[in-house]
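Asker: So that we are looking at the same thing, I have put the structure below in structure tokens.
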Ligand code: AR6
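In the numbering used here, the protein residues as written are 27 to 195.
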């Protein structure tokens, strides 16, 4: 059984086996939660990302997929990087957003992670409406076949926290 918990705050301050990063395909950093994770986690994370790009992820990490690196100086063993879809008004990309949660949990299972902290993937720069993102995230985690014991959604502001709380009801 996976317990889902909610926290309002900065995910880089969390303690968990794995912290999920809302990255982009380049894996080479960006703004938002990605920038914050690299800033606080230090250069070891980027170093491993560069090695992944030089190896089997030469073309980058596809949208909806996930890959793990060290967590550097964060209070975690791993960062799991996943690439959310950019929200589209004309195309239904919700399957890709659900896949981010599912694939991240699959990688967490492979690592043996028991606690995993997620941000609200795609709800910042990638503009996914918060209520819909919360629905997709909560459904994907509830339906996941995973050995992870705690999934913690770490929401940056009250609005995001309220949207997820409403879904968990
Ligand atoms: N802790 C928890 N949540 C956070 C934090 C934090 N420290 N910082 C921001 N958020 P975003 P995306 C929230 O833009 O939409 C990057 O440049 C934020 O309020 O970080 O998936 C990447 O490199 C929002 O609700 O990720 C990609 O290019 C949520 O995290 C692109 O942005 C996600 O916002 C990915 O865009």
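Glycine included, every Cβ here is placed at the ideal spot set by N, Cα and C.
Bear in mind the structure is a predicted one, so any value in this text is a computation, not a measurement.
Does the distance from the CB of residue 141 to the CB of residue 43 come in under 7 Å?
Answerer: yes
Asker: Just reading off the alpha helix (DSSP H) that residue 161 is part of, what are its end residues?
Answerer: Counted as a single uninterrupted DSSP element, the alpha helix (DSSP H) harbouring residue 161 occupies residues 156 to 169.
Asker: Less than 7 Å between the beta carbons of residue 133 and residue 162, yes or no?
Answerer: no
Asker: Please identify the residue among 71, 170, 112 and 148 whose C-alpha is closest to the C-alpha of residue 103.
Answerer: 71
Asker: Taking the straight line between their C-alpha atoms, what separation do you get for residue 131 and residue 47?
Answerer: 13 Å
Asker: I believe residue 159 touches residue 123 by the beta-carbon criterion, under 8 Å. Please report the beta-carbon distance rounded to the nearest angstrom.
Answerer: 7 Å
Asker: Within a Cβ cutoff of 7 Å, which residues of the same chain sit near residue 98, ignoring the five residues on either side of it in sequence?
Answerer: Result list for residue 98: 67, 68, 70 and 71, in chain order.
Asker: Any heavy atom of ligand 1 closer than 6 Å to the CB of residue 184?
Answerer: no
Asker: How would you write the range of the beta strand (DSSP E) that residue 180 sits in, first residue to last?
Answerer: Its beta strand (DSSP E) spans residues 176 to 181.
Asker: Using C-beta distances below 6 Å, list every residue in its chain close to residue 189, excluding the 5 sequence neighbours before and after it, in chain order.
Answerer: 156, 157 and 160
Asker: Here's the rule: buried if 16 or more other CB atoms are within 10 angstroms of the residue's CB, otherwise exposed. What is residue 41?
Answerer: Exposed.
Asker: I need the DSSP call for residue 147, collapsed to helix, strand or coil.
Answerer: coil
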